[in-house]
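Take 20 as the starting number for the sequence shown in the numbering used here and just add one per residue.
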Amino acid sequence: MTTTSSSTALENAKDGDRVLKQKVLGARRLSNYWWAAVVFVGGTGFLLSSLSSYFKVNLLLLSDPTDLVFVPQGIAMGFYGVVALLLSTYLWLLIAWNVGGGYNEFSKEEGIVRVFRWGFPGKNRIVEITHPLEDVQAVRVDIKEGLNPKRALYLRIKGNIELPLTRIGRPLPLSDLENQGAALARFMRVPLEGL
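Here's what the structure looks like:
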C-alpha cells in the first residue's frame with residue numbers, strides 16, 4: 020500500500036491488507052523552511068550592517084548603517100549576524116538530510132514491525148528497528164495536556180519496550196491520534212491502551 024500520510028494510510032487499511040506503511044515527517048516541515056529563511060535573511064542583514072559600519076559604505080537597501088560606531092555596535096551586530104548564519108546553515112542541513120523523517124511499516128507478510136528514521140550523517144545515519152509482529156502486546160496512546168502538551172503513539176512490545184511511532188514536534192490533534200491508534204490496533208489485532 021502506498022500512501023502520502025499516516026492518517027490516510029490508517030484510514031485506508033482494510034482487513035485484507037497485508038502491509039501497512041506510515042510516512043513520518045521529519046525536518047522537512049514548512050515551519051523549518053520558514054525559520055531557516057527568516058534566520059538567514061536576518062543574519063545577513065546584521066552582518067551587512069556590521070560591515071557597513073566598518074567600511075563606511077552602505078551595503079543595505081533599506082537603511083544606512085554607516086553612522087553606526089563599529090566599536091561596540093558594529094562588532095555586536097557582526098557577532099549576531101555570524102551566529103544567525105551558522106544557525107541558518109544548521110537548519111538548512113537538517114532539512115537537506117531530512118533528520119527524523121522515515122516510515123513505520125507493519126507487515127503481516129513478513130511478520131515484522133519496522134521503524135525506519137533518517138539521522139545525522141555518519142555511521143549511524145540510518146536508524147532501523149525491527150521486531151516480530153507477534154511480540155507487539157498493545158498500541159498505547161500517551162496524552163499529556165498543559166503548557167507543554169504531548170500526544171504520541173507507542174507500541175508496547177514484550178520485554179517492557181515502548182517504541183515511539185509519531186513524529187517529534189507539534190502534537191497531533193487528539194481526534195487524529197485516537198483514529199490512528201484505533202486503526203493501528205485493529206490492523207494488528209492488539210488492544211488499545213491509554214484512552
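All C-beta atoms, glycine included, are put in the ideal place defined by N, C-alpha and C.
Linking residue 142 to residue 118 through their CA atoms gives a straight-line distance of about 14 Å.
Restricting attention to 138, 105 and 170, the CA atom closest to the CA of residue 195 is found in 170.
Nearest C-alpha to residue 155 among 137, 90, 51 and 176: 176. According to DSSP, residue pairing for residue 161 in a beta bridge involves 171.
In the DSSP assignment, residue 123 falls outside any alpha helix (DSSP H) and lies within the beta strand (DSSP E) extending over 121-126. Under the DSSP definition of a beta bridge, residue 177 lacks any partner. In this model, residue 213 and residue 173 are separated by some 10 Å (Cα to Cα). Distance from residue 146 to residue 138 at the Cβ level is roughly 5 Å; contact confirmed, criterion being Cβ atoms closer than 8 Å.
Out of 91, 113, 76 and 74, the CA that lies nearest to the CA of residue 50 is found in 113. According to the DSSP assignment, residue 74 belongs to the alpha helix (DSSP H) that extends over 49-74.
When DSSP states are grouped into helix, strand and coil, residue 133 belongs to the strand group. Buried is the label assigned to residue 110, since at least 16 other Cβ atoms lie within 10 Å of its Cβ. Taking the C-beta atoms as reference points, residue 62 is found no nearer than 8 Å to residue 126. Residue state for residue 146 is assigned as strand, using DSSP reduced to three classes. The Cβ atoms of residue 41 and residue 123 lie closer than 8 Å to each other.
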